[in-house]
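Structure first, then comments.
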Amino acid sequence: MEFDRENLKRQLSKYKFRDLTVEELTKVNMLYPNFRFSMDTYVFKDSSQKDLLNFTGTIPVNYQDLSASWNSKVVIFTVNSLGNSHTYLDVVQNNVDMFKELVPALGHYSPQSVILVASQPVEIMTYAAWKLSAFPENQVIGIGCNLDSKRFQYILTNVLKAQSSGNEMWIIGEQGEDKVPTWSNQEEAVAPDFWVQMSNRAMEILKVKGQRSWSVGLSISDLVDSIINNKKKVHSVSVLAKGYYNINSEVFLSLPCILGDKGVHEIIKDISKEDLVTEKLWSSASSIHSLQNQLKL
C-alpha cells in the first residue's frame, strides 16, 4: 500500500501534534518504505484509554566486523546468553564469556567512548566491562535504576501528588527487588501503595505491548541523549560504588550521577543517611562481590 499523507492527516485530525506526527512518519517511510502503520485503542487498568500508533515491519541490518564501530561516542552492550545453563552462576559466566570477546575489541576501536551496559545482571556485567576494557571508571556505566527512578518520580509527582519535586527522588542500589527509594528531603514520606503502583506500571506496558523492552529502550535512549549532548543531567545508573555508603569492595550499584560527554561527570554523594538504605546497599554489595569472585574474568 502506497504511503498516503492526506489520508494520514484525516486519521490524525483530532490530535494536537498531527502535522509533526505526519512529518515524522513521512521520514520513516522514506527510509523504510515497507513499514506499515496502524492505530489501536488500548484500555489500561484504571479504565483510561489511549490511542497508540503501531509500526509493523523490519529494519535491515548490515553486519560488519567490529572495526565499523571505530571512534564511537557511546558503545552499548545488550547481549545476554540464551543457553541452557543449569545455575545462575553459569548464566552469568556465559554472559561474561561473550563480553571477553567483545569488550576488549570494541574498547580498542573506540578508546574515548562511554560504555553503556544493558546486559543482565547489569551490576556484574558493568563490572566485567570495566575490567575487560581497562577504561577509566567514569567511562563505564550500566543502565541500573534509571528507568525505575523515572517511574518513581512520575508516580510521586503526578499520581500521589507528593509535595517535593520528583527530580529530587531516586531509586538506588541493585536493580531488582533490592532497589531502595531515597530522596534529598528526608522528611518526605512514601505512600504505602507506592511499590504496588511501580510494579503495575511495568505490567501495564507488558499487557498492552506484549513485552517490556519498549520502556527499557526509551531509558537507554534517555541516557545516550544525556551523554552525546553533554546535558549534565542526573540519572541513577550503575557506577563503581567503592567509597560510597562505606562500601569497600569493587562493585557497581546505581547512584545518582551527573552524566556528560565523558560519562560520569560527578556522583552525588550519600544523598540518604538512613540506616535502612545503607544496610540494603551493603547487603547488595556483599552478594554481588561474592558472585564476582566466582567468575572467571
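Residue numbers (full-length UniProt numbering): 1 to 297.
All C-beta atoms, glycine included, are put in the ideal place defined by N, C-alpha and C.
(1) Using C-beta distances below 7 angstroms, list every residue in its chain close to E187, excluding the 5 sequence neighbours before and after it, in chain order.
(2) Check this for me: beta carbons of L259 and I267, under 7 angstroms apart or not?
(3) Figure out for me which residue from V22, K150, P33, K262 has the closest Cα to the Cα of I59.
(4) Is the segment 231-242 in contact with the segment 107-114, if contact means three or more CB pairs nearer than 8 angstroms?
(5) Residues in the same chain with beta-carbon distance under 7 angstroms from L53, minus the five sequence neighbours each way, listed in chain order, please.
(6) For H235, which option in Y245, L253, T78, S13 has the closest C-alpha, if you only look at C-alpha atoms?
(7) Report the rounded CA-to-CA distance for Y154 versus K262, giving the unit in angstroms.
(8) Please report how far the alpha carbon of I220 lies from the alpha carbon of I143, in whole angstroms.
(9) From I171, D222, V264, D4, pick the residue whose C-alpha is nearest to that of I141; which is it?
(10) So, under 8 angstroms CB-CB, Y88 and Q292 are touching, yes? Tell me the CB distance rounded to an integer number of Å.
(11) Kindly say whether Q139, judged by its beta-carbon, lies nearer than 7 angstroms to any beta-carbon of chain B.
(12) Write down the C-beta distance between Y244 and K280 rounded to the nearest angstrom, noting that I regard them as a contact closer than 8 angstroms.
(13) Can you give me the Cβ contacts of I247 inside the same chain, cut-off strictly under 8 angstroms, excluding the 5 residues immediately before and after it?
(14) Please say whether K27 and I228 have beta carbons closer to each other than 7 angstroms?
(15) Roughly how many angstroms lie between the CA atoms of W130 and H108, to the nearest whole one?
(16) Alpha carbon to alpha carbon, what distance is there between L297 and V96?
(17) Using a 10 Å radius around the Cβ and a threshold of 16 neighbouring Cβ atoms, would you call A189 buried or exposed?
(18) Is K150 buried or exposed, if buried means 16 or more other CB atoms sit within 10 Å of its CB?
(19) Between S67 and L147, which are expected to be in contact by the criterion C-beta below 8 angstroms, what is the C-beta distance as a whole number of angstroms?
(20) Rank V277, S48, D90, N71 by C-alpha distance to the C-alpha of V180 and give the top, closest one.
(21) What beta strand (DSSP E) runs, 3 residues minimum, are completely inside the segment 120-146?
(22) What is the rounded straight-line gap between the Cα of P121 and the Cα of Q93?
(23) Helix, strand or coil for N7? Go by DSSP, reduced to three states.
(24) Tell me whether W183 sits in a helix, a strand or coil according to DSSP, three-state version.
(25) Less than 7 angstroms between the beta carbons of V91 and S119, yes or no?
(26) Quick one: measure Cβ to Cβ for F55 and V117, integer angstroms, because I've assumed they're closer than 8 angstroms.
(27) Around the Cβ of G173, are there at least 16 other Cβ atoms within 10 angstroms (buried) or fewer (exposed)?
(28) Identify every run of the alpha helix (DSSP H) within the segment 16-75, keeping only runs that are complete inside it and at least 4 residues long; order them along the chain.
So, to answer that:
(1) Interpretation of E187 is limited by its pLDDT of 44, a score under 50 that renders its predicted location unreliable; no figure is taken from the coordinates.
(2) No.
(3) Among V22, K150, P33, K262, the Cα nearest to that of I59 belongs to P33.
(4) Put simply, the segment 231-242 does not touch the segment 107-114. Fewer than three CB pairs are less than 8 angstroms apart.
(5) Excluding positions up to five away in sequence, the list reads F37, M39.
(6) For H235, the nearest C-alpha among the options comes from L253.
(7) Note on geometry: alpha-carbon atoms of Y154 and K262 lie some 28 angstroms from one another.
(8) Rounded to whole angstroms, I220 to I143 spans 7 angstroms at the Cα level.
(9) When only C-alpha atoms are compared, the closest one is V264.
(10) About 13 angstroms separates the two Cβ atoms, so there is no contact after all.
(11) In the displayed structure, chain B is absent; only one protein chain is listed.
(12) The distance from the Cβ of Y244 to that of K280 is about 13 angstroms, inconsistent with a contact at the 8 angstroms cut-off.
(13) Around I247: A241, L253, L281, W282, A285.
(14) It is not a contact, given that the beta carbons lie outside the stated cut-off.
(15) Roughly 13 angstroms separates the two Cα atoms.
(16) If you take the alpha carbons of V96 and L297, they lie about 7 angstroms apart.
(17) Low local confidence applies: a pLDDT of 47 at A189 is under 50, so the model's placement there is unreliable, and no value is given.
(18) So K150 ends up on the buried side.
(19) That belief does not hold up - the Cβ atoms of S67 and L147 are roughly 32 angstroms apart, past 8 angstroms.
(20) Out of V277, S48, D90, N71, V277 has the C-alpha closest to the C-alpha of V180.
(21) The qualifying runs are 140-142.
(22) Each residue's Cα considered, the two are about 11 angstroms apart.
(23) Three-state DSSP puts N7 in a helix.
(24) Residue state, collapsed to three classes: strand.
(25) Against a cut-off of 7 angstroms, the Cβ pair of S119 and V91 comes out as no contact.
(26) 27 angstroms between Cβ atoms; not a contact.
(27) It counts as buried.
(28) With a minimum length of 4 residues, the continuous alpha helix (DSSP H) runs that stay inside the segment 16-75 are 18-31.
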